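Asks: Here it is, the structure in full.
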Amino acid sequence: MKNGNATISVKLALPDISAVRRFAGWIAPRLNKGDWLLLSGDLGAGKTELARGIIRQIFGVYTDVPSPTFTLIQHYESPEIKLLHTDLYRLESSEEIAELGLLDETDSIVLVEWPEKLGAYMPEKAVTIHLEDVGSIRQCTLHVVPDNADFFHGLDDFINREKVLTDFLEKNGYGQAVRTTLAGDASSRRYERLEMDNKRFILMDWPALPNENDDYKAKVFLSKSVTDFRDICAYLIRCGLSAPEIYAQDDAQGFLVLEDFGQHNFTETIDAKDPHLPILYHESIMALAALYHHADTKNPQTNGRQFSTPVRYDKAIILTEIQKFIDWYMPSLEKTLPDSALAAWEEIWGTLVTKLEAMKVHDVMMLRDVHSPNLHWLDNRQSIRRVGFIDIQDGIAGHPAYDVVSLLQDARRDLPKDFEGRFKALYVTETGLDAEDFDTAYNIFGVQRNLRILGIFVWLSKVQGKSSYLQHIPRVNGYIKAGLAHAALADLRGWFETYVPEVLAT
Numbered sequence: 001m002k003n004g005n006a007t008i009s010v011k012l013a014l015p016d017i018s019a020v021r022r023f024a025g026w027i028a029p030r031l032n033k034g035d036w037l038l039l040s041g042d043l044g045a046g047k048t049e050l051a052r053g054i055i056r057q058i059f060g061v062y063t064d065v066p067s068p069t070f071t072l073i074q075h076y077e078s079p080e081i082k083l084l085h086t087d088l089y090r091l092e093s094s095e096e097i098a099e100l101g102l103l104d105e106t107d108s109i110v111l112v113e114w115p116e117k118l119g120a121y122m123p124e125k126a127v128t129i130h131l132e133d134v135g136s137i138r139q140c141t142l143h144v145v146p147d148n149a150d151f152f153h154g155l156d157d158f159i160n161r162e163k164v165l166t167d168f169l170e171k172n173g174y175g176q177a178v179r180t181t182l183a184g185d186a187s188s189r190r191y192e193r194l195e196m197d198n199k200r201f202i203l204m205d206w207p208a209l210p211n212e213n214d215d216y217k218a219k220v221f222l223s224k225s226v227t228d229f230r231d232i233c234a235y236l237i238r239c240g241l242s243a244p245e246i247y248a249q250d251d252a253q254g255f256l257v258l259e260d261f262g263q264h265n266f267t268e269t270i271d272a273k274d275p276h277l278p279i280l281y282h283e284s285i286m287a288l289a290a291l292y293h294h295a296d297t298k299n300p301q302t303n304g305r306q307f308s309t310p311v312r313y314d315k316a317i318i319l320t321e322i323q324k325f326i327d328w329y330m331p332s333l334e335k336t337l338p339d340s341a342l343a344a345w346e347e348i349w350g351t352l353v354t355k356l357e358a359m360k361v362h363d364v365m366m367l368r369d370v371h372s373p374n375l376h377w378l379d380n381r382q383s384i385r386r387v388g389f390i391d392i393q394d395g396i397a398g399h400p401a402y403d404v405v406s407l408l409q410d411a412r413r414d415l416p417k418d419f420e421g422r423f424k425a426l427y428v429t430e431t432g433l434d435a436e437d438f439d440t441a442y443n444i445f446g447v448q449r450n451l452r453i454l455g456i457f458v459w460l461s462k463v464q465g466k467s468s469y470l471q472h473i474p475r476v477n478g479y480i481k482a483g484l485a486h487a488a489l490a491d492l493r494g495w496f497e498t499y500v501p502e503v504l505a506t
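For what it's worth, full-length UniProt numbering labels the leading residue of the sequence shown as 1, then goes sequentially.
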């Protein structure tokens, strides 16, 4: 790192186009409203590719990102952020800058190619990235003013991680693979698609974060390493289900090379109104029923193999999860609950958990996130193996009703109206469970899960700026209202009538 009179500079090598895209993944989260990122370099240096990578990190990997060489400006917008991508190569004078309106974009991220044309309009605090070919290697130099020095935070970690990851891929025979960054999830995990010899694989990059300091994740036993994902994949495969095969692993570094289930999940099938959707959900229910029958009644978490987090979905986890509703959703309604309401809340939920624990049903491997984005249809397989499960690392021992709720009460998509009753009944038939008890458990977990989701959606909006999740709140409220109509939840319904009638008004 060099500290000159006006700027602080850092150099790094980007050996191929995949490295440029990964670097874009490092830059994108650091950009905020009002930031200017200036991309300089000769023709063919990689400016547009870097800009394209940044834009796709922010707006999605399938976003169409044409070069703005002829249009001069391309606009991108989501509920959270606006971005302008401009190429000034064809400008003859800096006086044309004012005509473009760039200087008025105070609430947008602005990416500028050929920033030399800005002249006197060059923003003082912009971050500049200069790309150039040095021999056979593309070299990148970042320049920031001292006030923006925090922009470099984490860059050394990124560079070191890239080296360790490259060594891992080389060692395991994937060094020549073409690497494409994929959309991630709301975690520290990062994904790439690897392509070589006409085959595709998924790279999971999950660095250990010992200082993550997330008390909530610890209390509800959300996984922190690849070992849980690896073990639960193996468990599901032994049960006759489809989870990604593991082809290479480094538990210490947090690297896995996985089977690629493809780009299309159940969400896309729902959106396309595919007439085959009932088959997908039928086989998903049958897969969950098979998981129930394979459970070890004494310790479903092990079933012949010791998992790294042998824990049960119990009262403590349930109460911790629904605290998200109290801590985040209630304030969004500008309501403060009296102590008596909070005491009644805990007492009611304690009674409901006791009711669940009294049921004569054995635990299963509860995957916790069985919903449309995490399910893939594998048409080349047979029966229940056509359903591919991903995002399963948080699985723990728990009641079989929970994953059925997760599947049939999709927080982000509307399913056909007959699906819930139809497939809930199918699960009861296939497992032989008591229909009345299962219906009670289904409604308790339905309300509990969706209360947590309400809190998380508000948290995502307030803390991470992801306001798009708020559009799903009416749907989630609808699930809660339906669950509260069950006789076993009469006391909880009364609590809502007294303190939060807004939920029932949906």
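We treat Cβ as the ideally placed atom computed from N, Cα and C, and that holds for glycine. Quantities reported herein were computed from a predicted structural model and do not represent experimental measurements.
How long is the line joining the alpha carbons of L352 and R193, rounded to whole angstroms?
Replies: As a position in the sequence shown, residue 352 is number 352, starting the count at 1. As a position in the sequence shown, residue 193 is number 193, starting the count at 1. Cα to Cα, the separation comes out at about 44 Å.
Asks: Could you check if Q464 is buried or exposed, using at least 16 other CB atoms within 10 Å of its CB as the buried criterion?
Replies: Sequence index remark: in the sequence shown, residue 464 carries index 464 (1-based). Looking at its Cβ environment, which holds fewer than 16 other Cβ atoms inside 10 Å, Q464 is exposed.
Asks: If you compare alpha carbons, which of L169, F325 and I279 is closest to Q382?
Replies: The residue labelled residue 382 in the question sits at position 382 within the sequence shown. Of the candidates L169, F325 and I279, the one whose C-alpha sits nearest the C-alpha of Q382 is I279.
Asks: Look up M359 in the DSSP assignment and say whether it is helix, strand or coil.
Replies: The sequence position of residue 359 within the sequence shown is 359, counting from 1. Three-state result, M359: coil.
Asks: For the alpha helix (DSSP H) containing T48, name the first residue and the last one.
Replies: In the sequence shown, counting from the first residue as 1, residue 48 sits at position 48. From DSSP, the alpha helix (DSSP H) with T48 extends over K47 to F59.
Asks: From D16 to Y469, what distance separates their C-alpha atoms?
Replies: Taking the first residue of the sequence shown as position 1, residue 16 is located at position 16. Taking the first residue of the sequence shown as position 1, residue 469 is located at position 469. About 36 Å.
Asks: Going by C-alpha to C-alpha distance, which of T429, S9 and D274 sits closest to A149?
Replies: For the purposes of this step, residue 149 is identified with residue 149 of the sequence shown, where counting begins at 1. Selected option, being the one with the closest Cα: S9.
Asks: Rounded to whole angstroms, what is the Cα-Cα separation between S18 and E347?
Replies: As a working mapping, residue 18 is identified with position 18 in the sequence shown. As a working mapping, residue 347 is identified with position 347 in the sequence shown. Going from the Cα of S18 to the Cα of E347 covers about 54 Å.
Asks: R449: buried (16+ other C-beta within 10 angstroms of its C-beta) or exposed?
Replies: The residue labelled residue 449 in the question sits at position 449 within the sequence shown. The residue in question, R449, is buried, as its Cβ has 16 or more Cβ neighbours within 10 Å.
Asks: To which residues of the same chain is K298 closer than 8 Å at the C-beta, ignoring the five residues directly before and after it?
Replies: By 1-based counting over the sequence shown, the position of residue 298 is 298. Its pLDDT being 46, under 50, K298 is placed unreliably by the model, and the measurement read from it follows with that caveat. Around K298: no qualifying Cβ.
Asks: Would you mind reading off the limits of the alpha helix (DSSP H) that contains Q323?
Replies: Here residue 323 refers to the residue found at position 323 when the sequence shown is read from its first residue. Going by DSSP, Q323 is part of the alpha helix (DSSP H) stretching over K315 to K324.
Asks: Per DSSP, M196 forms a beta bridge with which residues?
Replies: As a working mapping, residue 196 is identified with position 196 in the sequence shown. Its beta-bridge partners are K199.
Asks: Under a Cβ-count criterion, where at least 16 other Cβ atoms within 10 Å of its own Cβ denotes burial, should T431 be classed as buried or exposed?
Replies: On the sequence shown, residue 431 is found 431 positions in, with the first residue counted as 1. It counts as buried.
Asks: Can you list, in chain order, the residues of its chain whose CB lies under 7 Å from that of R386, leaving out five sequence neighbours each side?
Replies: Taking the sequence shown and counting its residues from 1, one reaches residue 386 at position 386. Once the five neighbours on either side are set aside, the close Cβ partners of R386 are E283, W377, L378 and D379.
Asks: Can you give me the start and stop residues for the alpha helix (DSSP H) that F445 sits inside?
Replies: Reading the sequence shown from its first residue, position 445 is the one you call residue 445. It spans A435 to Q464 - the alpha helix (DSSP H) in which F445 sits, taken as one unbroken run.
Asks: Look at the alpha carbon of A487 and the alpha carbon of A441, and state the distance between them as a whole number of angstroms.
Replies: Here residue 487 is taken as the residue at index 487 of the sequence shown, counted from 1. Here residue 441 is taken as the residue at index 441 of the sequence shown, counted from 1. A487 and A441 have their C-alpha atoms some 12 Å from each other.
Asks: If we count the other Cβ atoms within 10 Å of its Cβ and call it buried at 16 or more, is G388 buried or exposed?
Replies: On the sequence shown, residue 388 is found 388 positions in, with the first residue counted as 1. G388 is buried by the Cβ-count criterion.
Asks: Counting only runs of 4+ residues fully inside the segment 220 to 251, write out the alpha helix (DSSP H) ranges in chain order.
Replies: 226 to 238
Asks: Pick out whichever of G421, I396, V458 and A24 has its Cα sitting closest to the Cα of L408.
Replies: Your numbering for residue 408 matches position 408 in the sequence shown. Of G421, I396, V458 and A24, the residue nearest in Cα terms is G421.
Asks: Find out if the Cβ-Cβ distance for the pair V61, L241 is shorter than 8 Å.
Replies: Mapped onto the sequence shown, residue 61 falls at position 61. Mapped onto the sequence shown, residue 241 falls at position 241. In this structure, L241 does not lie closer than 8 Å to V61 by Cβ.
Asks: Identify whether residue 507 lies in helix, strand or coil by the three-state DSSP scheme.
Replies: The structure shown does not extend to residue 507, since the chain is modelled only from 1 through 506, so no value can be given for it.
Asks: My output table needs one value for A397: the three-state DSSP class, helix, strand or coil.
Replies: Locating residue 397 in the sequence shown gives position 397, counting from the first residue. A397 falls in the strand class under three-state DSSP.
Asks: In angstroms, rounded to a whole number, what distance separates the CA positions of L103 and I97?
Replies: One-based indexing of the sequence shown puts residue 103 at position 103. One-based indexing of the sequence shown puts residue 97 at position 97. Roughly 8 Å between the two C-alpha positions.
Asks: Given R413, which residues of its chain have a CB within under 7 Å of its CB, disregarding the five upstream and five downstream residues?
Replies: For the purposes of this step, residue 413 is taken as the residue at position 413 of the sequence shown. Once the five neighbours on either side are set aside, the close Cβ partners of R413 are T267, I270 and S372.
Asks: Going by CA-CA distance only, name the one from D107, H130, P207 and G398 that's closest to E357.
Replies: On the sequence shown, position 357 is the one that residue 357 refers to. Checking every option, the nearest Cα to that of E357 belongs to G398.
Asks: Looking only at its chain, what residues have a beta carbon closer than 8 Å to the beta carbon of A290, apart from the 5 residues adjacent to it on each side?
Replies: Within the sequence shown, numbered from 1, the residue matching residue 290 stands at position 290. Once the five neighbours on either side are set aside, the close Cβ partners of A290 are C239, G240, L241 and I384.
Asks: Cα separation between S225 and P207?
Replies: Position 225 of the sequence shown, counted from the start, is the residue given in the question as residue 225. Position 207 of the sequence shown, counted from the start, is the residue given in the question as residue 207. Roughly 8 Å separates the two Cα atoms.
Asks: Would you check if there are 3 or more beta carbon pairs closer than 8 Å linking the segment 57 to 77 to the segment 129 to 141?
Replies: no
Asks: Cα-Cα, which of E113, P79 and E95 is closest to D42?
Replies: Reading the sequence shown from its first residue, position 42 is the one you call residue 42. Per the Cα distances, E113.
Asks: Is it buried or exposed, N213, if we count other Cβ atoms within 10 angstroms and call 16 or more buried?
Replies: In the sequence shown, the residue the question calls residue 213 occupies position 213. Reliability of the predicted coordinates at N213 is poor, the pLDDT of 48 falling under 50, and the value obtained from them is presented with this limitation in mind. By the 10 Å Cβ count, N213 comes out exposed.
Asks: Kindly indicate which residue of A401, P146 and H264 has the alpha-carbon position closest to the one of F438.
Replies: What you label residue 438 is simply residue 438 of the sequence shown in a count that begins at 1. Ranking A401, P146 and H264 by Cα distance to F438 puts A401 first.
Asks: Around the Cβ of T85, are there at least 16 other Cβ atoms within 10 angstroms (buried) or fewer (exposed)?
Replies: In the sequence shown, counting from the first residue as 1, residue 85 sits at position 85. According to the sequence provided, residue 85 is His. The question's Thr does not apply to it. Buried.
Asks: Alpha carbon to alpha carbon, what distance is there between S223 and L83?
Replies: Within the sequence shown, numbered from 1, the residue matching residue 83 stands at position 83. Within the sequence shown, numbered from 1, the residue matching residue 223 stands at position 223. Taking the straight line from one Cα to the other gives about 34 Å.
Asks: Tell me which same chain residues have a C-beta within less than 8 Å of the C-beta of A120, skipping the five on either side of it?
Replies: Residue mapping note: residue 120 aligns to position 120 of the sequence shown, counting from 1. Spatial neighbours of A120 in its own chain (CB-CB distance under 8 Å, excluding positions within 5 residues in sequence) are listed in chain order as S94.
Asks: Per the contact definition of three or more C-beta pairs closer than 8 Å, is the segment 23 to 43 in contact with the segment 171 to 180?
Replies: Output reads no: the segment 23 to 43 does not touch the segment 171 to 180.
Asks: Please report how far the alpha carbon of D250 lies from the alpha carbon of R161, in whole angstroms.
Replies: In the sequence shown, the residue the question calls residue 250 occupies position 250. In the sequence shown, the residue the question calls residue 161 occupies position 161. So the alpha carbons of these two residues sit roughly 13 Å apart.
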